[in-house]
Amino acid sequence: MEKNKTCNRPWRYSLAMFGLSIAGYMYVTYGTFFYTETIGLSMKLIALGNVLYAVWDAFNDPIAGYLSDRTRTRWGRRKPWLLVSVPVFVLSSILFFSPPASLGTGVGLAVYFTVFLMLTETGNTISTVNYHSLLPELYRDEKRRNQANALRQAMQLVGMIIGVSLVPMITAAIGYRATALALGLLSGALILYSILGCRERSEFSQSEQPGLLASLKALATNANFWLVSVSHFFYQSTSGLLLAGIPFYIKYALQLPDSNATFLSAAVFVSAIPSMYLWYRLINRLGTLKCWRIALAWLGLSLVPMYFVHSLLPACLAGVLVGVGIAGVTANLDMVNSVLIEDDAARYGVRREATFFAGISFITRLSSLTRSGVFLLLFTLFGFESGENPGAMPGTAARFMMIVFPIALMAFSVCASLLVRFRAPAARAAKPAAKL
């Protein structure tokens, strides 16, 4: 009886995003810092590992999406993949923060870092592709979808507070390994509870699916797909640098103990939670596309004050502005993706949510190459190699990592978004003119 009462409820669906965020943001934010500052792995080896992982991670996204769309089981298309991938994601994220001391700080540790980074991201990729694909399927009405998405993204921000803001305090008390274990188990429990409460639409599983080449052709010839993906690419590059840069910014730019990263990240993500409601109202009033562009521009401009502050309190106040921008982009990302998918479905009469999400993810995952390029530039321009050898200007290097490079990337993201043109809702609701 309880299952029927909570089946497909937005609050239960959103719990999976909470779980994915807790474990996911811990390794995204503190993985590089943990391996360079705590263990002493060279930034050059980390950059090389990120390049290898990015290539692998980009290509497994389309495969995951294609297989998901073609899956046919009595439990649906997405749920079986989630039930398999979530345990892989949780276990590998725990092992990522548990390297054996016997590996030292050379090639052996670099191989371990790369292997478990790949495993963690593979589990995360399969989980997120299938989870995100449920949104346009479970919630067909755009207003209800906006409600579910806003709640889901609010849960993501709460997860970010735990996975980003509280991690320095927790690791200071119990260490990285125990923290990864606790957050990993919590994440797995939340995701599985959420997914078991989702009931997929059987009619979507019955639709005929085109072959891989036909699906890839549909993506390749869709101009909006490329523009949306490129905009997401530059935003994800920015987001990754912001998250990875917070502990470096605190330690080297503000010259404070790295545990103070808790306060700066909390200022960003706590302010983002109530902002999510404001963006939800704006989306209903102005529409997804316009709000998306406004949010991207806001985020880029909000980073400017961060460059000129030199103490924690002004940094936190500036972080509030960044949090509002992050909330806006976060609230709009999957709404834009959903409109893109509906546009394609109206044109071809085929539901291929996972293929589109995976295709977008294929491009955005390559943002890791941007981060690798930035890491190499930090070494080349400022001599920043590791915590043991931070170079002559580590403070400037940290500001470039967290502020200068992200501002430039957000400018490109805004430009791409301005070129997106969706058909009117009435045209998307019309009978498809062609099929693939």
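For what it's worth, my numbering labels the leading residue of the sequence shown as 4, then goes sequentially. All C-beta atoms, glycine included, are put in the ideal place defined by N, C-alpha and C.
Going by DSSP, VAL231 is part of the alpha helix (DSSP H) stretching over 226-251.
Between ARG374 and GLY166 a beta carbon distance of about 18 Å is seen, past the 8 Å cut, so the two are scored as non-contacting. Distance between SER416 and VAL407, taken at the CA atoms: about 15 Å. ARG77 is classed as exposed because its beta carbon has fewer than 16 other beta carbons within 10 Å across all chains shown. For the options LEU44, LEU306 and ARG402, the alpha carbon positioned closest to that of ILE253 is the one of ARG402.
In the pairwise beta carbon analysis, the region 94-112 is classified as not touching the region 147-167: fewer than three pairs are separated by under 8 Å.
The alpha-carbon of THR117 is positioned some 20 Å away from that of VAL89. Sixteen is the threshold: since fewer than 16 other Cβ atoms of the shown chains lie within 10 Å of the Cβ of GLN258, the residue is exposed. The shortest CA-to-CA distance from SER218 to any of GLY68, TYR115 and ALA176 is the one to GLY68. In this structure, ALA361 keeps its C-beta atom at 8 Å or more from the C-beta atom of GLY331. DSSP places HIS135 in the uninterrupted alpha helix (DSSP H) bounded by 110-141. By the CB criterion at 8 Å, SER268 and ILE25 fall outside the cutoff.
Contact annotation: ASP337 and ASN152 have beta-carbon atoms nearer than 8 Å. Proximity to LYS82 across LEU122, HIS135 and LEU48 peaks at HIS135, based on C-alpha coordinates.
Taking C-beta atoms as the reference points, PRO65 and PHE272 fail to come closer than 8 Å. Distance from the CA atom of ILE286 to the CA atom of ILE276, rounded to whole angstroms, is 16 Å. The count of Cβ pairs closer than 8 Å, one atom from the region 8-18 and one from the region 231-250, stays below three, leaving the stretches out of contact. For ILE249, the closest of ARG202, MET309, TRP282 and GLY303 by C-alpha to C-alpha distance is MET309. In the DSSP assignment, CYS294 falls within the unbroken alpha helix (DSSP H) covering 291-305. Straight through space, the alpha carbons of ILE129 and LEU70 are spaced by roughly 10 Å. MET413 carries a helical assignment under DSSP once its states are collapsed to helix, strand and coil. Nearest in C-alpha terms to SER274, of all of GLY326, LEU343 and ARG143, is GLY326. DSSP places PRO393 outside any alpha helix (DSSP H), giving it a letter other than H or E. Burial is judged here by how many other beta carbons sit within 10 angstroms of a residue's own beta carbon; THR224 has fewer than 16 and is exposed.
Annotation for VAL31: LEU246 place their beta carbon closer than 6 Å to its own, counting only its chain and skipping 5 residues before and after. Here the region 31-48 makes contact with the region 170-181; the two share three or more CB pairs at distances below 8 Å. A direct Cα-Cα distance of roughly 19 Å separates GLU124 from PHE359.
Excluding its 5 nearest sequence neighbours in each direction, GLN150 has C-beta neighbours in its own chain below 7 Å: PRO13, listed in chain order. A residue is called buried once 16 or more other Cβ atoms fall within 10 Å of its Cβ, and HIS235 is buried on that count.
Of the residues assessed, PHE311 falls on the exposed side of the cut-off, its CB having fewer than 16 other CB atoms within 10 angstroms.
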